[in-house]
Structures are given as structure tokens and as C-alpha cells.
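Read in order, the letters of the sequence shown correspond to residues 1 to 90 in the UniProt record's numbering.
Remarks on the structure that follows.
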Amino acid sequence: MAEKFAYEIVAPDRLLKEDQAETVLLPGDEGDFAVMAEHAPFMTTLRPGTIEIYDGDKVVESFEVGGGFAEVANNRLIVLTEERGEAEAE
Numbered sequence: 001m002a003e004k005f006a007y008e009i010v011a012p013d014r015l016l017k018e019d020q021a022e023t024v025l026l027p028g029d030e031g032d033f034a035v036m037a038e039h040a041p042f043m044t045t046l047r048p049g050t051i052e053i054y055d056g057d058k059v060v061e062s063f064e065v066g067g068g069f070a071e072v073a074n075n076r077l078i079v080l081t082e083e084r085g086e087a088e089a090e
């Protein structure tokens with residue numbers, strides 16, 4: 001079992017999700033990227049798209065977002081975004 005890390009997805013008016021995941025796939029402005037446990041610290045912008053939360057190789061939850069920002073530091077991911085709705089898990 002892969003190591004998990006903490007993540008938060010925050011909209012301007014509320015916390016959308018706070019949990020732990022093995023992998024989170026995000027729609028970066030320069031292309032999609034994945035965050036996993038012990039990822040190097042960084043901050044980037046997001047384009048409109050889908051955030052996918054993985055447990056192993058299975059998507060367990062996804063969120064449609066209208067862009068925003070992502071910060072990774074101290075084994076934690078924080079996403080600030082405009083929510084467009086929750087997508088279906090596969």
C-alpha cells in the first residue's frame with residue numbers, strides 16, 4: 001500500500017474536501033501533474049479541468065474546477081479553486 005498525504009480543496013465560500021490520498025491528479029496551466037506523498041514543495045496555477053483523487057490506480061472522487069492555485073509543502077496539498085461541480089467517480 002502506498003503512503004498517503006493530506007490534501008484540502010477549498011472554494012472561496014467553503015471547504016470542498018479534506019482527506020488523505022495516495023495520488024491527486026491536477027490540471028496545471030502547463031499540463032496535468034500528479035502529487036504523491038513526500039512531493040517536493042512548489043506552488044502553481046491551475047487551469048479549468050478535473051481534479052482526480054486516487055486510491056491505488058482507481059479514481060475514487062473527482063471535482064470539476066474553474067482554475068485556481070495549488071501549493072504542496074510539508075507532505076500536504078492545498079488547492080484554492082472555483083468549484084464547477086463534482087464529477088462522477090469511475
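The beta-carbon is built from N, C-alpha and C at its ideal position, and this holds for glycine as well.
Query                                                                                                                                 : Result
I need the straight-line Cα distance from THR81 to GLY66, nearest angstrom please.                                                    : 7 Å
Note down the Cα distance separating ARG47 from ASP55, rounded to an integer number of angstroms.                                     : 23 Å
Would you please state the rounded distance, in angstroms, between the beta carbons of SER62 and ILE51? I believe it to be under 8 Å. : 6 Å
Could you check which residue in GLU64, ALA40, THR45 and VAL60 has the C-alpha nearest to that of VAL72?                              : ALA40
How far does the beta strand (DSSP E) with ALA11 in it extend, from its first residue to its last?                                    : 5 to 11
How far does the beta strand (DSSP E) with PRO41 in it extend, from its first residue to its last?                                    : Per DSSP, PRO41 belongs to no beta strand (DSSP E) and is neither H nor E.
For VAL73, write down the residues that DSSP places opposite it in a beta bridge.                                                     : Reading the sequence as shown, one finds Ala at residue 73 and not Val. Partner(s): ARG76.
Taking the C-alpha atoms as reference points, what is the distance between ASP13 and ASP57?                                           : 31 Å
With a threshold of 16 other CB atoms inside 10 Å of the CB of ALA21, please say whether the residue is buried or exposed.            : buried
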